[in-house]
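Chains A and B supply the protein sequences, listed in that same order. Here the numbering used here is used: the first residue of the first sequence is 6, the next is one more, and so on. Here the numbering used here is used: the first residue of the second sequence is 853, the next is one more, and so on. In this text, a Cβ means the ideal position worked out from N, Cα and C, and glycines have one as well. Below: one structure, written as structure tokens.
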Amino acid sequence: MPDELKFENCSHSKDPLVGCALEGVATVLAGIRDVGIVIHSPQGCSATVALGYDHQEIDFTQRKTACTRLFETDIIMGATDKLKDLILHADKTFGSKVTFVVGTCAADIIGEDIEGVCRVLQPKTGSRLIPIFAGGFRGDAYAGMDLALEALVGIMKDPEGAGGTQGARSVNLIAPQASLNPTWRADLAWVRDVLARMGVAVQSVLTRDAGMHELRHASFASANILLSHDVGRGMARKMEEAYGIPLILADQPLPIGLGNTSRWLTALGERFGAEAAARDLIARGESLVVDVLRRRGLMIIPRYRNCRMALCADATFGVGLARMLFEELEMLPELILLRSGRPEAKALLAAELASLGISPQVACNVDGYQTRRALADSNVHAVLGSSWEKYLARELGIQLAFDVLSPTDRDAYLDRAYFGYEGMLNMLEVIANDFERALRSKEIAWENYDPQPAPERV
Amino acid sequence: MTLQPVTHTPDSISDSIVFHGPLSELYRLAAEGKIPTRLQGSHTRPCKFWTAAKILSGIRGAIVLTHGPGGCAFGIKQAYKLTNCRNSGAVYEPVLSTSLDQSGIVYGGEKELKGAIAEVDVKYSPDVVFVATSCATGIIGDNVDAVIESMRGKVKAELLPIHCEGFAGEYRSGFDLVFGELVKLMDAPTPAERERLSKSVNIVGAKMGPERTEVDTDVKELIRLVTAMGARVNAVIAGNCSLAELKRAPSVAVNCALCLDIGYAVGTAMRDTFGTPLNSTILPYGIAATEKWLTGAAEHLGLVGEAKALMRAEYEAIREPYERAREHLAGKTAIIEGRDAIKSLSIAYMLQQDFGMRAVIYNFHPWSVEARETSIDYMLGAGLDPEILITKGALAFGKYESMKQTEDELLRFLGELDPRQTVYFGSSLSFPSIPLVDLNAILNRPRFGYRGALKVAECIKTALDYAFRPRSALAKRIVFPENAGLSSAASLTPKLAQDLPDCTVYAGARRRGQCPMN
């Protein structure tokens, strides 16, 4: 890894920018249609599970959760009976096909036998009970997503045993939600559209609005594609071992910016014998970007040329944006701070930077302190990241902050892709508007007027 | 208050009523265990850790170091600190964590905590470090107090342990715990300091940090009134107060409770420890409550004359429109959503005292009777005993805010009232068949003080004036989607869940996806 930043006094204390494993687990489970979730935990953990539903934007009328609300005596005496009662109650009330019974830190540590409870109660419930241990100490949200995704492999059907065959032109899309695009659903839609144009079917999306049938038949796909550089490799590896499904396109950046999108589409086309479709998508897409920027964004590149940038993202966007910023927008990504840091993603970023011939300062798994420290020590003109980095930039006197990623201060009513060609334009639109807001007058300069008119309303 | 007779018909509201009577009666039944006061598994609230952290987030120059997995720190940072940056002009505020992993759980995290305290002291140079325990470290039994003791003197910051494991109490207990612990940071008054602060007050019972910069908030209004009376505010505890302000806080002339329940905890702790007087009234909604609040403060400040002059001037400034609006209100009935227990009690107090209205609090969950004992005592002590109506839906599994059952029940209750004589105090996401007043709308601030009283009176009058306008069909379709399933808003984020009305969304075979109230 080129010029990796080191930070002092960060061995024991962390100002986290990523949630815990429970949030990750919930983000995956909330992507499964018509499930109930029984949370075996103190009541606060319900809010964490709610974040998973929020991230999937599940309508609040469709959320079926219940919590055992553990208190001190439950921790001391155990709360198996309480859990059993709640499972039966939830099963009767929710009528879900599947109920996930999720143990969080407290239940996990005191050793509640969630698996045993599910086994014993299974004959008495209409829904299938699936236990998951999701103690927050098991890792961060990315680790939690992996935990849940890998648990799902266990419910998949063996194609051979089921007498079926794997489709030659079908893929599973893994971990679309592990993304800092606040409307990541649009990225998934873009990938689906591209696949459709290449004649490739989507077997399962793991997970987004996935039915149980879809999940169980994910093992019938001919390939797995990750939509994240941070999550999903464990699941893909397990599926490869169990069902021989190869993971494809994992060794290159996701389709962010012109160059990466072209490479990704080309590789996809080659994999499925759809080279012509890929070429057509690339030609049309690049034409769209050029045409729009000629008409509406002529200054988008000259304005920021050689702008020294800090890029604060997850690996999914960090890896891809490095090339887009440097090669296509002529910016200088001098500081790259990733909230995540899987070895495969770090290697991919290193390879990208080497191929670009640049050596920015890089740090992975950064927390809030490290982000602040790195920004304060840098000499950047602008920060591209989330609202966290926007506030830090304001505090540190960095004039420009492009609030592109989650959490964002931006209200987005319509889903907007960041992948692909329109996705690139969507990000550039945010950058352009944030630039205008930063540098244009916000108030009337009354001191320029004599006499100064008094405001009519106070 | 005399209860209004209810006509009992086979399909009337009486079939669904769990309790209908005065607050005092509900209080008695709860105390005797004759009405269930436990929340259902689907009725979750923030845990003790979250509420403790909310108060701790209101102290400037402090670091909250959570001892446990990182998710607990991330959650409160996302909820409180991001909001402070966004709305209240705060700088980026970290929330630290020892980020315990599995080996920390197995082998203990005391070493990590020790290291973290040392690191935090160097990295942030805070005035004080609050070490907040989580479920995980509470269960594995890390000796947090001993670790902190061993670090005292080795770091510049003051250290205070906060034992707020999420399982260790109801959500309200986190507020009380922290307010009680903060007193340990305070200095005993000296005669000189008492003299210096003899015309100062603390406003106690705030939480989370600075006020919104762009909104005329309730706390700003109280500060304006205190200042106009000729006094000063030393600290809003814990609303962006510093350690220095906390230290000298016991020397002020009086603590004025912002929220009776939450302010009461710190107010009584300071009174018992340092003898700092406490002016504790119900939330100052309306003129009667505001005058009690101001008079109570003025008596300790020696500014009774100034307070009277201020009250006259403040009332004079609103008199004409206020009295005009009030004429429309006397004798009318208000149904008040009981989800926020303190607020519903305070609104009931205002409506009865100021406007001469009949107040009925709808679905004041019996759980609140235990959790909000202080406010209830105050109401009853003041001779006010509002009507409480609790229906079966409030106690059903699901989310009581969002059950079809409660909506049906409310409709039937309203069906027996005259819509021209009744207003509904609740969320704009509900669609009662009577005029609705939403005091949570951001434009309806401030709600405290005289200006607040006028605002509330005008809100009620406006609701009645425009009662002829049907609620937006668009709004109804947004809130009541077609093909809605069984609701379980329990899993909404706390913020959104709080915005939901008592009767939002539901499943049901009969009128699925429709609001039965229209």
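Of all C-beta pairs linking the segment 1009-1018 of chain B to the segment 968-980 of chain B, three or more are shorter than 8 Å, placing the two stretches in contact. Any Cβ of chain B closer than 8 Å to the Cβ of D408 (chain A) would place that residue at the interface, and such an atom is absent. Listed in chain order, the positions of the segment 51-66 of chain A with a beta carbon within less than 9 Å of a beta carbon of chain B are S51, A52, T53, V54, A55, L56, G57, Y58, D59, I63, D64, F65, T66.
Within chain B, the residues whose beta carbon sits less than 8 Å from that of L397 (chain A) are Y944, listed in sequence order.
The residue from B:G927, B:E1151, B:I1134 with its alpha-carbon nearest to that of S949 (chain B) is B:G927.
Within chain A, the residues placing a beta-carbon under 8 Å from that of W902 (chain B) are G49, A52, ordered along the chain. Identification of chain B residues near Y374 (chain A) by a Cβ-Cβ cut-off of 7 Å yields P946, K975, ordered along the chain. Distances from the alpha-carbon of L334 (chain A) to those of A:L342, A:R289, A:L433 put A:L433 closest.
Within its own chain, the residues whose Cβ lies closer than 7 Å to the Cβ of E1073 (chain B), once the five positions on either side in sequence are excluded, are P1298, F1300, G1301, R1303, G1304, listed in chain order. By DSSP's assignment, E1239 (chain B) forms a beta bridge with B:P874, B:V1212.
Within the same chain, and ignoring the five residues on either side of M217 (chain A) in sequence, the residues whose Cβ sits closer than 7 Å to its Cβ are K102, V103. In the displayed model, M203 (chain A) falls within coil according to three-state DSSP, outside both helix and strand.
I1188 (chain B) is a Cβ neighbour of S1196 (chain B), given a cutoff of 8 Å. Assignment of P136 (chain A) by DSSP, reduced to helix, strand and coil, places it in the strand class. Just so you know, the alpha carbons of G425 (chain A) and S51 (chain A) end up roughly 36 Å apart. Within chain B, not a single residue places a beta-carbon under 8 Å from that of S360 (chain A); the smallest gap is close to 34 Å.
Contact between the segment 1135-1155 of chain B and the segment 1094-1103 of chain B is not established, with fewer than three Cβ pairs separated by less than 8 Å.
Excluding sequence positions up to five before and after P21 (chain A), its CB lies within less than 8 Å of the CB of D145, D372, G373, all in the same chain and listed in chain order. Proximity of P1298 (chain B) to chain A, defined by a Cβ-Cβ separation below 8 Å, is not satisfied.
By the 16-neighbour rule on beta-carbons within 10 angstroms, N311 (chain A) is exposed.
Three or more Cβ pairs closer than 8 Å define a contact, and the segment 37-56 of chain A falls short of that threshold against the segment 12-19 of chain A. The C-alpha of T1226 (chain B) is placed about 26 Å away from the C-alpha of I869 (chain B). Around the beta carbon of A417 (chain A), a 10 Å sphere encloses fewer than 16 other beta carbons of the protein chains shown; the residue is thus reported as exposed.
If you check each beta-carbon in the segment 90-114 of chain A against every beta-carbon of chain B, the ones closer than 7 Å belong to L91, H94, T98, F99, C110, A111, I114. Following the DSSP letters along the chain, one finds N177 (chain A) inside the beta strand (DSSP E) bounded by residues 175-179.
Bounds of the beta strand (DSSP E) holding M314 (chain A) are 313-318. Between the segment 933-950 of chain B and the segment 1126-1144 of chain B, the count of C-beta pairs closer than 8 Å stays below three; the two stretches do not touch.
Residue B:A925 holds the alpha-carbon nearest to the alpha-carbon of C1016 (chain B) among B:M1081, B:G1057, B:A925. In the three-state DSSP reduction, C987 (chain B) falls in the helix class (H, G or I).
Burial state of T78 (chain A) is exposed, judged by a 10 Å Cβ sphere holding fewer than 16 other Cβ atoms. In this structure, G141 (chain A) sits near L27 (chain A), with a CB-CB distance shorter than 8 Å.
Between the segment 374-390 of chain A and the segment 407-417 of chain A, the count of C-beta pairs closer than 8 Å reaches three or more; the two stretches touch. The C-beta separation of L178 (chain A) from L220 (chain A) comes to about 13 Å, leaving the pair out of contact by the 8 Å criterion. DSSP places Q1204 (chain B) in the uninterrupted alpha helix (DSSP H) bounded by 1193-1207. Excluding the 5 residues flanking it on each side, R202 (chain A) has same chain C-beta neighbours closer than 7 Å at A282, L286, in chain order.
Counting only the Cα atoms, F1320 (chain B) lies some 45 Å from A31 (chain A).
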